Structures are given as C-alpha cells and as structure tokens.
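Those sequence lines, one after another, are chains E and V. For the first sequence, the residue numbers in numbering that gives the first Met the number 0 are 0 to 114. For the second sequence, the residue numbers in numbering that gives the first Met the number 0 are 0 to 290.
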Amino acid sequence: MNEVPESHPAEAEPQDDHTAEHVAAHVRKYVMVGVTLLTFTAITVALSYVNFGTMKANIAVALLVATFKAGLVAAIFMHLSAEKRLIYRILIFTAFFVLGLFWLIYLAWYNPIVR
Amino acid sequence: MEIPYTVVARRDTGLWNAKVGIWLFLASEVMLFGGLFSAYVFLRLDASPGDWPHGLLNVPVGTMNTAILIASSVTVVLAWASLKMRQFTKYKIYMGITILCGVIFLAVKLAYEWPQKFDHFGAFIKEDALEKYEPYLGNKHLLAKDLPPRKEITGHLHNKEALNDPNIKEYEIALDQVNADPTNPVNDRPHFFYVPPTKKIATIEKADVKYANMFVPRHSAYFASYFTITGLHGLHVLGGVLVFIYFWLPIGANMYKQNPEHLANRVEVAGLFWHFVDLIWIFVFPLFYLL
C-alpha cells in the first residue's frame with residue numbers, strides 16, 4: 000500500500016546506518032529489549048517487598064535497577080549506542096549540568112558556608 | 000520556504016536537522032525533570048522519620064501503567080522500523096497501538112488513580128496527642144520492631160463538610176486497614192494490592208490534628224511532588240499522543256507518498272521524545288509507588 004518507486008531522489012544516498020536491511024535485522028532486538036524491560040519492572044516490584052535492612056538499601060537497589068532499565072532504553076530504543084559525535088557532545092553538557100543540580104542537594108546538606 | 004536537511008544529512012554535523020533539534024530539546028527536558036527530581040530528593044531527605052508516607056498508591060495499577068508505557072515504546076520503534084522497511088500498513092497498526100497505549104495510560108491516571116486519591120483523607124496528629132490515638136497508630140508496636148512511627152490517620156472521611164466548617168470540631172473517618180488494626184504485623188509494610196477502608200469509624204478531634212486534608216497536592220510534600228511530577232509527565236504523554244495521531248491521520252499517508260524517508264525521520268524524532276517520556280516514568284514508578 001502506498002509504495003513509492005525506489006528511485007526517489009531523497010533516497011539516493013543512505014543517511015546513516017539505518018538502511019532497510021539494518022533495521023530489519025534490529026526488529027527482533029527491539030522486541031527482546033521490551034521483554035527485558037517488562038521483566039525488570041516485575042523484578043523492581045518484587046524487590047520492593049524484600050527487606051534489605053534499611054530503607055536506604057532498598058532505595059539503592061531500586062534505583063540501580065531503574066538506571067539499568069533507563070540505560071537500555073537510551074542505548075537501544077534511542078540509538079545512543081551508535082550515534083553521531085555531536086549528539087554525545089550535547090549530552091555530555093547535559094549530564095554535567097544535571098549532576099550539578101543534584102550536587103546542590105549535597106551542598107545544602109553539607110552546608111559548607113557555615114561549617 | 001522549505002526546511003533543509005529533513006532527509007539528507009548535513010555535511011558538518013553528519014545529521015539531519017530534526018535529530019539535532021530533538022536532542023537539544025531533550026537536553027532541556029532533562030534539566031526540567033532533573034530540577035523536579037532533585038527537589039523531590041531534597042524534600043524526602045529533609046523529612047523526619049515517619050513523615051514520608053508509604054504505600055498510599057495503588058501498586059498493581061502503577062505496574063500495569065508501567066508495562067503499558069514500555070509496550071508503547073516497543074511499538075513506536077517498530078512503527079519507525081516498518082516505515083524504514085516501507086511497510087506502511089504495518090506502520091499504521093504499530094502506531095495505532097502506540098496511540099492506544101498512550102490514551103489508556105492517561106485514562107488510568109486521570110479517571111482512576113488521581114480521583115481515588117482526591118477521595119481519600121489523612122490527618123496528621125499533633126506530637127502531644129499521639130499517645131491518645133495510640134489504638135489507631137500502634138507506635139509502641141512499631142518502636143519495638145525498630146520501624147518508623149506513624150503520625151497520620153488515614154481513611155474515608157464521612158463528614159466532608161468538616162474540612163471547611165470551623166464549627167464542626169471533629170473528623171469522622173472510616174479507617175484504613177493500617178489504622179484499624181495497627182499492631183497486626185501484616186500492616187507493618189505496605190500492601191501490594193489496594194486495601195479499601197474498613198467499616199471501623201474513628202472520631203478525631205480537630206484540636207489534636209496538626210494538619211488534615213484530602214490526598215491533594217497540599218496534603219504533604221509527598222503528594223505535592225507526586226502530583227507535580229506525574230502531572231508534568233502526563234502532559235508529556237498527552238503531547239506525544241497528539242503528535243502520533245497527527246502522523247497517523249491521512250496527513251502521514253500524504254507525507255509518505257511524497258517522501259517516505261521524511262515521515263520515517265519525523266516518526267523517529269517523535270519516538271525519541273516518547274522513549275524519553277518512558278525513561279522518566281522508569282524512575283517515577285519506583286520512587287513514588289514502591290519506596
């Protein structure tokens with residue numbers, strides 16, 4: 000349905016690694032990642048009912064699993080495992096500033112001005 | 000004027016323009032949600048033991064919504080892959096499922112989860128009155144087990160007019176199970192399944208209450224951050240759904256006829272946004288529902 004001729008000018012040169020053959024090879028991987036994410040969601044829920052001693056330990060475990068899941072989404076679904084340099088440059092700045100944001104919490108706790 | 004580099008990559012960046020654009024936008028989004036999450040961490044660290052509520056949200060429903068969002072992330076990437084492989088019918092199906100998932104997520108949030116909270120009531124007891132309400136709080140039992148104390152009595156408020164009428168001196172609450180049977184060990188930790196309020200009625204004098212409200216944003220720092228972050232997240236889901244509907248309608252088919260790669264790229268960019276929204280939820284779910 001709605002097929003266009005292969006000779007379309009805009010398709011003359013492939014833009015990146017995302018040619019039709021490449022994409023077809025990746026479809027299975029996307030589904031597997033989805034299944035993995037669902038499995039780890041169940042694991043997160045189950046682990047939250049396990050007592051790891053302190054609340055802090057439970058939070059650490061849950062955030063560890065969440066970070067792993069987020070990493071999977073970013074690397075595979077958002078193609079960050081193989082992206083152009085410019086994107087990485089943008090994200091390095093973002094990571095720097097967002098870490099700065101969380102560092103503020105530490106400053107508020109450590110209170111270096113009056114310490 | 001035609002926007003250049005929608006399909007062909009620029010030589011200097013090696014990318015088509017929208018790809019750079021969406022990543023710059025997502026970078027600003029990281030800062031937006033980063034600010035809210037750091038505020039959440041700050042508020043939570045600042046709360047004294049027993050002040051940060053646990054188990055007030057419906058875990059199975061939240062888990063289901065998480066699964067729905069993850070499934071939609073898979074279908075949107077499959078929709079994009081279908082376009083790349085020039086399978087328009089498959090694209091329509093996968094995109095349709097994605098839209099459906101987004102709508103279900105929002106419906107569950109707005110029609111079920113939030114209203115259920117708005118209908119629930121909690122009263123924080125003054126420090127010097129905690130002893131008086133010990134039968135509902137069970138703090139001696141918790142202390143013996145080295146668990147954080149309870150300072151709030153929750154349930155279904157029978158006399159809602161008490162919220163705004165200063166002449167009414169007390170709240171009448173159908174107690175939640177945790178307050179109806181506070182020394183029962185099954186209530187030490189939050190339940191997985193939602194437990195409706197019991198039939199046991201408690202009368203709490205307003206004079207003994209530090210602060211009381213329905214589970215609305217001003218109820219506590221917990222609900223303020225919950226509604227702010229899930230509300231902003233919900234707006235993002237809504238935005239994503241609207242964009243997907245736009246690409247799903249005949250306008251998408253027309254774009255596909257003119258240049259299928261252009262539609263594929265647009266769907267990829269919208270998909271990147273959608274995955275980001277999913278990624279945010281991956282953190283929201285454990286932080287608010289489970290911990």
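The C-beta atom is built at its ideal place from N, Cα and C for all residues, glycine as well. From a predicted model like this one, the values you see are computed outputs, not experimental measurements.
#1: Assuming residue 61 of chain V contacts residue 288 of chain V under a Cβ cut-off of 8 Å, what Cβ separation, rounded to an integer in Å, is found between them?
#2: Checking contacts by CB at 8 Å: is residue 239 of chain V closer than that to chain E?
#3: Between which residues of its own chain and residue 52 of chain V is the CB-CB distance below 6 Å, once the five residues before and five after are set aside?
#4: Name the chain V residues that come within less than 7 Å of residue 73 of chain E, Cβ to Cβ?
#5: Which one or two residues does DSSP pair with residue 120 of chain V in a beta bridge?
#6: Among the residues of its own chain, which have a CB less than 8 Å from the CB of residue 191 of chain V, if the five just before and after it don't count?
#7: In chain E, which residues lie less than 7 Å from residue 41 of chain V when you measure between Cβ atoms?
#8: Which residue spans inside the stretch 29–83 of chain V form an unbroken alpha helix (DSSP H) run of at least 4?
#9: Go ahead and pull the three-state DSSP assignment for residue 106 of chain V.
#10: Is residue 6 of chain E close to chain V, meaning its C-beta is less than 8 Å from at least one C-beta of that chain?
#11: Going along the chain, which residues of the stretch 36–59 of chain E sit with their C-beta nearer than 8 Å to a C-beta in chain V?
#12: To which residues of the same chain is residue 109 of chain V closer than 8 Å at the C-beta, ignoring the five residues directly before and after it?
#13: With 8 Å set as the bound, which would you pick, yes or no: does the beta-carbon of residue 37 of chain V sit closer than that to a beta-carbon of chain E?
#14: If contacts are defined as beta-carbon pairs under 8 Å, then residue 82 of chain V and residue 263 of chain V qualify, I think. What distance do you get, rounded to the angstrom?
#15: Does the count of Cβ pairs from the stretch 136–152 of chain V and the stretch 102–116 of chain V closer than 8 Å reach three?
#16: Taking only beta-carbon positions, decide if residue 22 of chain V is within less than 8 Å of chain E.
#17: Determine, using beta carbons only, whether residue 172 of chain V and residue 155 of chain V come nearer to each other than 8 Å.
#18: According to DSSP, is residue 29 of chain E helix, strand or coil?
#19: Just to make sure I have the definition right: I need the residues of chain E whose C-beta is within less than 8 Å of the C-beta of residue 285 of chain V. Which are they?
#20: For residue 215 of chain V, tell me which candidate among V/225, V/158, V/207, V/209 has the shortest Cα-Cα distance.
#21: Since residue 202 of chain V sits in a beta bridge, which residues does DSSP pair it with?
#22: Interface residues of chain E around residue 69 of chain V at Cβ under 8 Å?
#23: When you compare only the Cα positions, how much space is there between residue 293 of chain V and residue 227 of chain V?
#24: Inspect the beta-carbon positions of residue 93 of chain V and residue 74 of chain V and report whether they are closer than 8 Å.
#25: Taking contact to mean 3 or more Cβ pairs, one atom from each stretch, closer than 8 Å, check whether the stretch 240–252 of chain V and the stretch 19–37 of chain V are in contact.
#26: Could you pull out every residue in the same chain whose Cβ sits closer than 7 Å to the Cβ of residue 44 of chain E, ignoring the five residues on either side in sequence?
#27: Could you please give me the residues that DSSP links to residue 208 of chain V through a beta bridge?
#28: Would you list, in chain order, the members of the stretch 177–200 of chain V that have their beta-carbon closer than 8 Å to a beta-carbon of chain E?
#29: Would you kindly report the start and end of the unbroken alpha helix (DSSP H) that includes residue 139 of chain V?
#30: Leaving aside the five residues before and after residue 153 of chain V along the sequence, list all residues of the same chain whose C-beta is less than 6 Å from its C-beta, in chain order.
#31: Please report how far the alpha carbon of residue 64 of chain E lies from the alpha carbon of residue 105 of chain E, in whole angstroms.
#32: Apart from the five residues just before and just after residue 295 of chain V, which ones in its own chain have a Cβ nearer than 8 Å to its Cβ?
#33: Between which residues of its own chain and residue 280 of chain V is the CB-CB distance below 6 Å, once the five residues before and five after are set aside?
#34: Would residue 229 of chain V pass as an interface residue toward chain E - the criterion being a Cβ-Cβ separation below 8 Å?
This is what the structure gives:
#1: Here residue 61 of chain V is taken as the residue at index 62 of the second sequence, counted from 1. Here residue 288 of chain V is taken as the residue at index 289 of the second sequence, counted from 1. Between the beta-carbon of residue 61 of chain V and that of residue 288 of chain V there is about 4 Å, and that keeps the pair under the 8 Å contact cut.
#2: Locating residue 239 of chain V in the second sequence gives position 240, counting from the first residue. Not one chain E Cβ lies under 8 Å of residue 239 of chain V.
#3: Counting from one through the second sequence, the residue named residue 52 of chain V turns up at place 53. The residues are 221.
#4: Stepping through the first sequence from its first residue, residue 73 of chain E is reached at position 74. For the C-beta of residue 73 of chain E, the chain V residues within less than 7 Å are, from N- to C-terminus, 278.
#5: Here the question's residue 120 of chain V lines up with position 121 in the second sequence. Beta-bridge analysis with DSSP links residue 120 of chain V to V/154, V/213.
#6: Looking up residue 191 of chain V in the second sequence gives position 192. Answer for residue 191 of chain V: 58, 59, listed in chain order.
#7: Here residue 41 of chain V is taken as the residue at index 42 of the second sequence, counted from 1. Within chain E, the residues near residue 41 of chain V are 104, 107.
#8: Fully enclosed alpha helix (DSSP H) runs of 4 or longer: 58–83.
#9: Stepping through the second sequence from its first residue, residue 106 of chain V is reached at position 107. In the three-state reduction of the DSSP assignment, residue 106 of chain V falls in the helix class, which pools H, G and I.
#10: To locate residue 6 of chain E, count along the first sequence from 1; it is residue 7. Residue confidence is low: residue 6 of chain E scores 41 on pLDDT, short of 50, so the model does not pin down where it sits. No coordinate-derived value is stated.
#11: So the close ones are 36, 37, 40, 41, 43, 44, 47, 48, 50, 54, 57, 58.
#12: Your numbering for residue 109 of chain V matches position 110 in the second sequence. If we look at residue 109 of chain V and ignore the five residues flanking it on each side, its Cβ neighbours are 233.
#13: Numbered from 1 along the second sequence, position 38 holds the residue referred to as residue 37 of chain V. Residue 37 of chain V has a beta carbon lying within less than 8 Å of a beta carbon in chain E.
#14: Sequence index remark: in the second sequence, residue 82 of chain V carries index 83 (1-based). Sequence index remark: in the second sequence, residue 263 of chain V carries index 264 (1-based). Indeed they touch by this definition, with Cβ atoms about 4 Å apart.
#15: A contact is defined here as three or more CB-CB pairs under 8 Å, and the stretch 136–152 of chain V fails this definition with respect to the stretch 102–116 of chain V.
#16: Residue mapping note: residue 22 of chain V aligns to position 23 of the second sequence, counting from 1. For residue 22 of chain V, the nearest CB of chain E lies under 8 Å from its own CB, placing it at the interface with that chain.
#17: The residue you call residue 172 of chain V lines up with position 173 of the second sequence. The residue you call residue 155 of chain V lines up with position 156 of the second sequence. Contact flag set, yes.
#18: Position 30 of the first sequence holds residue 29 of chain E. Reduced to three states, the DSSP call for residue 29 of chain E is helix.
#19: Here residue 285 of chain V refers to the residue found at position 286 of the second sequence. One finds 43, 47, 61, 62, 64, 65 in chain E with Cβ atoms closer than 8 Å to the Cβ of residue 285 of chain V, taken in chain order.
#20: To locate residue 215 of chain V, count along the second sequence from 1; it is residue 216. Ranking the options by Cα distance to residue 215 of chain V, first place goes to V/225.
#21: The residue labelled residue 202 of chain V in the question sits at position 203 within the second sequence. Looking at the DSSP assignment, residue 202 of chain V forms a beta bridge with V/171.
#22: On the second sequence, position 70 is the one that residue 69 of chain V refers to. In chain order: 33, 36, 37, 40.
#23: Residue coverage of chain V in this structure runs from 0 to 290, which leaves residue 293 of chain V outside it and unanswerable.
#24: Translated into positions along the second sequence, residue 93 of chain V becomes position 94. Translated into positions along the second sequence, residue 74 of chain V becomes position 75. Yes; because the gap between Cβ atoms is below 8 Å, this pair is in contact.
#25: No, the stretch 240–252 of chain V does not touch the stretch 19–37 of chain V.
#26: Taking the first sequence and counting its residues from 1, one reaches residue 44 of chain E at position 45. Within the same chain, residue 44 of chain E has no close Cβ partners at all.
#27: On the second sequence, residue 208 of chain V is found 209 positions in, with the first residue counted as 1. By DSSP's assignment, residue 208 of chain V forms a beta bridge with V/124.
#28: If the cut-off is 8 Å between Cβ atoms, the stretch 177–200 of chain V has 188, 191 near chain E.
#29: Locating residue 139 of chain V in the second sequence gives position 140, where the first residue counts as 1. From DSSP, the alpha helix (DSSP H) with residue 139 of chain V extends over 138–143.
#30: As a working note, residue 153 of chain V is residue 154 in the second sequence. Non-local C-beta neighbours of residue 153 of chain V in its own chain, meaning closer than 6 Å and more than five positions away in sequence, comprise 121, 175, ordered along the chain.
#31: Taking the first sequence and counting its residues from 1, the one referred to as residue 64 of chain E is at position 65. Taking the first sequence and counting its residues from 1, the one referred to as residue 105 of chain E is at position 106. If I take the Cα positions, the gap works out to 23 Å.
#32: Chain V is shown only over 0 to 290; residue 295 of chain V falls outside these bounds and no answer can be derived.
#33: As a position in the second sequence, residue 280 of chain V is number 281, starting the count at 1. Answer for residue 280 of chain V: 68, listed in chain order.
#34: In the second sequence, counting from the first residue as 1, residue 229 of chain V sits at position 230. By this cut-off, residue 229 of chain V is not an interface position.
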